[in-house]
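Chemist: When the letters of the sequence shown are read in order and numbered with the numbering used here, they come out as residues 44 to 297. Even for Gly, the Cβ is constructed at its ideal location relative to N, Cα and C.
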Amino acid sequence: MKILVCVKQVPDMESKFKLDKENKWFSEEDLAFRMNEYDEYAVEQAVQLKEQTGDAEAVVVSLGPERAKEAVKKALAMGCDRAIHIKDDNYYKKDSYSVAKNIFEYVKDENFDIVFTGLQSQDRGSAQVGVLLSEFLDYPCITTIIELEYNNSEIQVKRELEGGEKAVVKVKPPVVLTCQLGLNTPRYPTLPNIMKAKKKEIKAVEPLDTENLLTFADIDYPEKKGAAEILEGDVNELVDKTLEILKQKTSVLK
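(1) Is the Cβ-Cβ distance between K93 and S164 less than 8 Å?
(2) Leaving aside the five residues before and after Y84 along the sequence, list all residues of the same chain whose C-beta is less than 8 Å from its C-beta, in chain order.
(3) Count the other C-beta atoms from every protein chain shown that fall within 10 angstroms of the C-beta of K209, then say buried if there are 16 or more, exposed otherwise.
(4) Suppose you measure from the CA of P265 to the CA of D156; what does that come to, to the nearest Å?
(5) By alpha-carbon positions, which one of S169, M56, L106, E72 ends up nearest to A247?
(6) Give a yes or no on whether the C-beta atoms belonging to F147 and Q88 are separated by under 8 Å.
(7) Please state whether DSSP places T228 in a helix, a strand or coil.
(8) Kindly indicate which three-state DSSP category I185 falls into: helix, strand or coil?
(9) On the three-pair Cβ rule with 8 Å, is the stretch 242-258 touching the stretch 203-220?
(10) I'd like the span of the beta strand (DSSP E) that includes A33, first residue to last.
(11) Rounded to whole angstroms, what is the Cα-Cα separation between L274 and K242?
(12) Just the Cα atoms here: how many angstroms apart are N236 and L47?
(13) On the DSSP letters alone, give me the boundaries of the alpha helix (DSSP H) that E287 sits inside.
(14) Whole angstroms is fine: what's the gap from L256's alpha carbon to K136's?
(15) Within its chain, find whatever has a CB closer than 7 Å to the CB of L204; leave out the 5 residues flanking it on each side and keep chain order.
(16) Which full runs of the alpha helix (DSSP H) of 4+ residues lie inside the stretch 84-171, going along the chain?
(17) Count the other C-beta atoms from every protein chain shown that fall within 10 angstroms of the C-beta of Y81, then say buried if there are 16 or more, exposed otherwise.
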């Protein structure tokens with residue numbers, strides 16, 4: 044069995060973001076970067092499946108600048124066997140279609156049985172790369188998986204639906220699966236595995252000139268709609284003030 048897992052390096056969401064000079068993306072100055080959280084669950088599931096089958100190969104692929112190798116190295120330290128790094132300093136100018144097309148062109152001849160991706164990236168949040176990649180590969184795609192079982196070459200997953208509902212789906216490989224938070228508990232790479240990862244192959248390749256179907260016209264900060272009113276005093280006074288504000292400025296108590 045051959046398993047592919049797609050990862051992306053994103054800014055730490057606790058960072059203080061500033062827009063770049065062109066208002067097309069955020070400035071990377073003073074930002075810390077990490078593996079996309081959704082992708083950590085995808086890597087963990089790929090490694091668990093590799094360990095369960097005993098004879099699978101898990102390959103990680105990532106598109107991004109030189110620093111994205113850190114996310115790739117973490118995936119290797121978690122248990123993936125080798126990596127493909129599509130080195131692209133202009134990664135942020137590519138839409139989901141272009142990213143998926145790049146990945147497809149570099150993996151299409153490897154005949155992967157299962158492809159794992161995170162549900163979405165934390166910086167762009169389109170949730171489209173996995174779906175589009177499945178179209179290019181002509182594989183079925185199951186999204187937002189929160190449980191997975193593999194038995195006798197059949198995969199059974201539980202999907203998260205709207206309103207707290209769940210759906211159980213069975214499928215035989217090949218398939219693309221997008222992973223929701225909580226699917227598993229991503230492992231921390233141990234020091235011995237970090238050292239082993241240094242010897243694993245990271246194949247660096249150039250990005251392909253692929254078409255964008257979407258472009259960013261402009262990015263702006265949220266519009267400020269007035270300052271918050273801070274109430275002070277003891278509990279009884281705060282209750283009276285709150286009730287008065289609700290009566291005067293809302294229709295809650297009318």
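Modeler: Reading from the atomic positions:
(1) Residue numbering aside, residue 93 sits at position 50 when the sequence shown is read from its first letter. Residue numbering aside, residue 164 sits at position 121 when the sequence shown is read from its first letter. Note that the C-beta distance between K93 and S164 is not below 8 Å.
(2) The count along the sequence shown starts at 1 and reaches residue 84 at position 41. Within the same chain, G161, C222, Q223, L224, G225, L226, N227, P229 come within 8 Å of Y84 by CB-CB distance, once the 5 residues on both sides are set aside.
(3) For this step, residue 209 is matched to residue 166 along the sequence shown. In summary, K209 is exposed, with fewer than 16 beta-carbon neighbours lying within 10 Å of its beta-carbon over all protein chains present.
(4) The residue given as residue 265 occupies position 222 in the sequence shown. The residue given as residue 156 occupies position 113 in the sequence shown. About 43 Å.
(5) Residue mapping note: residue 247 aligns to position 204 of the sequence shown, counting from 1. With distances taken between CA atoms, A247 lies nearest to L106 out of S169, M56, L106, E72.
(6) Against the sequence shown, residue 147 aligns to sequence position 104. Against the sequence shown, residue 88 aligns to sequence position 45. Cβ distance not < 8 Å, so F147 and Q88 don't count as in contact.
(7) Reading the sequence shown from its first residue, position 185 is the one you call residue 228. If DSSP states are grouped into helix, strand and coil, T228 belongs with coil.
(8) The residue you call residue 185 lines up with position 142 of the sequence shown. If DSSP states are grouped into helix, strand and coil, I185 belongs with the strands.
(9) In the pairwise beta carbon analysis, the stretch 242-258 is classified as not touching the stretch 203-220: fewer than three pairs are separated by under 8 Å.
(10) Past the boundaries of the shown model lies residue 33; the chain is included only from 44 to 297, so the question cannot be answered.
(11) As a first step, residue 274 must be located in the sequence shown, where it is residue number 231. As a first step, residue 242 must be located in the sequence shown, where it is residue number 199. Rounded to the nearest angstrom, the two C-alpha atoms are 60 Å apart.
(12) Walking along the sequence shown from the start, residue 236 turns up at place 193. Walking along the sequence shown from the start, residue 47 turns up at place 4. Spanning the alpha carbons of N236 and L47 requires a straight line of approximately 19 Å.
(13) As a position in the sequence shown, residue 287 is number 244, starting the count at 1. Per DSSP, the continuous alpha helix (DSSP H) segment holding E287 begins and ends at 278-292.
(14) Here residue 256 corresponds to residue number 213 of the sequence shown, with the count starting at 1. Here residue 136 corresponds to residue number 93 of the sequence shown, with the count starting at 1. Straight through space, the alpha carbons of K136 and L256 are spaced by roughly 11 Å.
(15) On the sequence shown, residue 204 is found 161 positions in, with the first residue counted as 1. So the qualifying residues of the chain are A210.
(16) Here the runs fully enclosed are 112-121, 139-150.
(17) By one-based count along the sequence shown, residue 81 stands at place 38. Label assigned to Y81: buried.
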